[in-house]
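One structure is given below, encoded as structure tokens.
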Amino acid sequence: MGLTVVSTFFPLPPDRGDPVRVLMMLRAMARIQPFTLAVVRRPDTTGDQVDRLRGMLPEVEVRDYPATPYRLDRLGPLGRYPEAMADGLPPWIRSRYSRPLHDDLRTRDGAGIAIGEAAAVYFRGTRLRWHWDKANVLAGSTRGDIAEAEDLAHQLRARYLAWISTRFESRALSECETVSVTSAEESSRLAEHHRRRADFTLPSSVPLPVGHVPRSDERHLVWLSSFSYRANLAGLRLFLGRGWPALRGAGFRLTLVGSGLTDRVRESLAPIDGLDVLGYVADLRPVLARARAAVVPLWSGAGVKLKTLTLLAHSVPVFTTPVGAEGVPATEAVRLADTPEALAAEILGSSVAELDAMAAAGARLIERQFSEERFAERLVGALAEYGYLDVPGTSLREGP
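By the working numbering, the letter at position 85 of the sequence shown is numbered 85, and the numbering carries on one by one without gaps.
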């Protein structure tokens, strides 16, 4: 008996994105009771990182497992796709599967917490009572990829991934006892696609930046996202084509920051005047300290956007679409527009005093509703309510 936690996101380095959420969950649960953490190593995971994780969670038994290679990996996609389909898994989930971990879980009893989409692959054939913490509803997000496909080949690939992801998600939902998502909108999508509402919502949170002192330049904007995620790049290109010319004409510069930048993408952005393409940076504070405002041009995607929260935590006013602000309560810190042209107009129409007020409101919002402390309170309260954590007298708390 006991609590077992499974993560296919190795939570180091915890710079941003999914590893941040994972690490916050682990810290919050470790403060309540001991548990066993099973993590899947990536090809670039080092022994030092495993040791560092153990040092950060001294009360937790950390077990690390290698991902099981594809049998037909030598054939590339021609081997991996059919093999993943035969296993009933999306290829990206199959690549994170560890047979040794699955064999270990089959011997365990008690409660299990699965963090992330791919962790649901371990539900089948185990005796654990599972809670699934989902980043988003695959049935909804993968359908958006179909609409954004650039040509027939990409559309066929997107349709295949949407079909197998939805099938995997439906089966996993039938095998877990409870499920959480990041926003009320995601809970509605879960009900729409799978006729099941989330048992509770757990909005993602971000750590407050230590030692961050904003020193913004009046004509300096920032874009913060992963270049490797199709929706991010598609939204950026749409904004650059239709909204950026007006801002550039007014003397603005735009810094692009994020992981996954390839030489091909960098070269495609090079002809656009006024861009500073940085790609990944280890410390966001110096870059975001100079930003007068941020633009988050997203027209597809789901759940609370960590990029939006990260910008607000660094006192950067955010101009975005309703998609980019999903799960963030109405606040002075965020302004919404539906088109690239309208986003640019909102930025151009904002006074220095208004931007200063937005920056202060953003930092307050994160501290009060999206800090690690608030995240831990929500998580522990919900898991205790459903019997996964032993916290006598704790009740479910979802409000802001």
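Here a beta-carbon is modelled for each residue, glycine too, at the ideal position from N, C-alpha and C.
Bridge-paired residues (DSSP) for residue i
i	result
aspartate 64	Val39
aspartate 133	Ile115 and Ser180
alanine 294	Val222 and Val318
serine 7	Val39 and Ile115
threonine 201	Val181
Residue interval of the beta strand (DSSP E) (run including residue i)
i	result
threonine 178	178-181
leucine 233	Looking at the DSSP string, leucine 233 is not in any beta strand (DSSP E); the run it does join, the alpha helix (DSSP H), is 230-242.
threonine 255	253-257
glycine 279	275-279
Through-space distance from residue j to residue i, alpha-carbon basis
i	j	result
alanine 361	histidine 212	16 angstroms
arginine 96	phenylalanine 9	9 angstroms
glutamate 373	alanine 363	15 angstroms
isoleucine 146	serine 174	26 angstroms
leucine 355	glutamate 332	10 angstroms
arginine 189	alanine 119	20 angstroms
aspartate 103	methionine 358	51 angstroms
threonine 255	valine 287	8 angstroms
leucine 389	valine 304	25 angstroms
isoleucine 32	glycine 2	13 angstroms
proline 69	glutamate 192	35 angstroms
leucine 309	phenylalanine 370	8 angstroms
valine 5	glycine 110	11 angstroms
arginine 290	serine 7	35 angstroms
alanine 403	leucine 379	The first residue shown for the chain is 1 and the last is 400, placing residue 403 beyond what the model contains.
arginine 94	aspartate 87	8 angstroms
Terminal residues of the alpha helix (DSSP H) in which residue i lies
i	result
leucine 161	152-175
valine 391	Where valine 391 is concerned, there is no enclosing alpha helix (DSSP H), given that its DSSP letter is neither H nor E.
tryptophan 92	91-94
isoleucine 366	352-369
arginine 264	263-269
alanine 289	285-289
Cβ-heavy atom distance, residue i to the ligand PLP, below 6 angstroms
i	result
isoleucine 366	In terms of ligand content, the structure shown is empty, and the ligand PLP therefore cannot be addressed.
Residue i - DSSP class collapsed to helix/strand/coil
i	result
aspartate 103	helix
alanine 250	coil
proline 14	Confidence at proline 14 is low in this model, with a pLDDT of 48, below 50, so its placement is unreliable and the value that follows should be read with caution. In this structure, proline 14 counts as coil in the three-state DSSP scheme.
tyrosine 375	The question names tyrosine, but residue 375 is phenylalanine in the sequence shown. Helix, per DSSP.
glutamate 59	coil
valine 213	coil
lysine 305	coil
proline 245	helix
proline 19	helix
proline 82	helix
Which ranges would you report for the alpha helix (DSSP H) in the segment 312-344 if only whole runs of at least 4 residues count?
Whole alpha helix (DSSP H) segments, 4+ residues: zero.
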